[in-house]
Every structure is written in C-alpha cells, then in structure tokens.
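Visitor: Under the working numbering, the final residue of the sequence shown carries the number 125; numbering is consecutive throughout.
Got a structure here, written out as structure tokens. Questions coming.
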Amino acid sequence: MTEMLKGTLEGIVLQILAGQPAYGYEITARLRANGLTDIAEGTVYALLIRIEKRGLVDVDRLPSEKGPPRKVYSRNALGRDYLNEFWSSMNSGGPGASSRNISISSATEVHHDWWVENPTWLTLR
1 MTEMLKGTLE GIVLQILAGQ PAYGYEITAR LRANGLTDIA EGTVYALLIR
51 IEKRGLVDVD RLPSEKGPPR KVYSRNALGR DYLNEFWSSM NSGGPGASSR
101 NISISSATEV HHDWWVENPT WLTLR
C-alpha cells in the first residue's frame, strides 16, 4: 500500500469513528460495505495501531466471552482535528488531493469521478 493511500485510509477510518466507537472488525466491515472490498483485516489493524500510537484515537478494552478483551476505538479531539485537516486538504484540492483520490480509485476499482461527486459517502450511513 502506498504512503498516500495509507494517509487517505487513516482519514476514512477516522471518519467512520466520527459516528461512533467501533471494533477493528466493524471498521473493516464498514470499509468493505462501502466499496473497499479488497481491504485486508491486517491492513486495518495495522492502521489502528498506528493511529493509536499517534494519539488520534482512544482505546477501551471490553471483556469478551470468546477470548481476550476486545479493543473499541473512538476518535478523540486530536483525531477530530486531524480529520478536519484531512477533509480540508481533500476538498480544497491542496497538495496531493487529486493523487489521493486516484489512489483510492485504483485501490478499490471505483471510478475517480464517483469519489469526487460523493466526498461524504461515509457520513451518509
């Protein structure tokens, strides 16, 4: 995965967490349901570890009947600020915005114009 796509995926995951806290599996399912069908769970979990280390999310560990405690991720104030900057960059056509859209399109085989016309697709659900 390219560095640009990693940054874009971080923004998308933080947008998912804007609605409500979620487990890694729920985040992966949401990404797949919205067109990122080839996303591997391992990619999402690595991203979650990365954004946790950067302080963009808070993590609660909840008991699980089937094994170790489950991690529930929620976006915090720093994550909100990062997400605001992310969307400003995407919407303003700032440095790399077009390239990020193309990277998403290539990774998901979704036409670039759809992404441009539907920048808030994650907030609609």
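Where a beta carbon is used, it is the ideal one built from N, C-alpha and C, also for glycine.
On the three-pair Cβ rule with 8 Å, is the segment 31-41 touching the segment 62-76?
Guide: Too few Cβ pairs lie closer than 8 Å, so no.
Visitor: Where does the unbroken beta strand (DSSP E) through L47 begin, and where does it stop?
Guide: Reading the sequence shown from its first residue, position 47 is the one you call residue 47. Here L47 belongs to no beta strand (DSSP E); instead the alpha helix (DSSP H) covers E41 to K53.
Visitor: Check the DSSP bridge columns for K71 and list the partner residues they point to.
Guide: If you number the sequence shown from 1, residue 71 lands on position 71. According to DSSP, K71 bridges with R61.
Visitor: Under 8 Å, with one C-beta from each stretch per pair, do the segment 27-35 and the segment 79-88 reach the 3-pair mark?
Guide: Result no; under three Cβ-Cβ pairs closer than 8 Å.
Visitor: Would A18 and V72 be called neighbours here (beta carbons separated by less than 8 Å)?
Guide: As a working mapping, residue 18 is identified with position 18 in the sequence shown. As a working mapping, residue 72 is identified with position 72 in the sequence shown. Contact flag unset, no.
Visitor: From the DSSP output, read off the bridge partner residues of A22.
Guide: The residue labelled residue 22 in the question sits at position 22 within the sequence shown. In DSSP, A22 forms a bridge with Y73.
Visitor: With a threshold of 7 Å, establish whether the CB of S64 neighbours any heavy atom of the ligand PLP.
Guide: Within the structure as shown, the ligand PLP is missing, as the structure has no ligands at all.
Visitor: Roughly how many angstroms separate the alpha carbons of L47 and G67, rounded to a whole number?
Guide: Residue 47 sits at position 47 when you count from the first residue of the sequence shown. Residue 67 sits at position 67 when you count from the first residue of the sequence shown. Cα-Cα distance, rounded: 22 Å.
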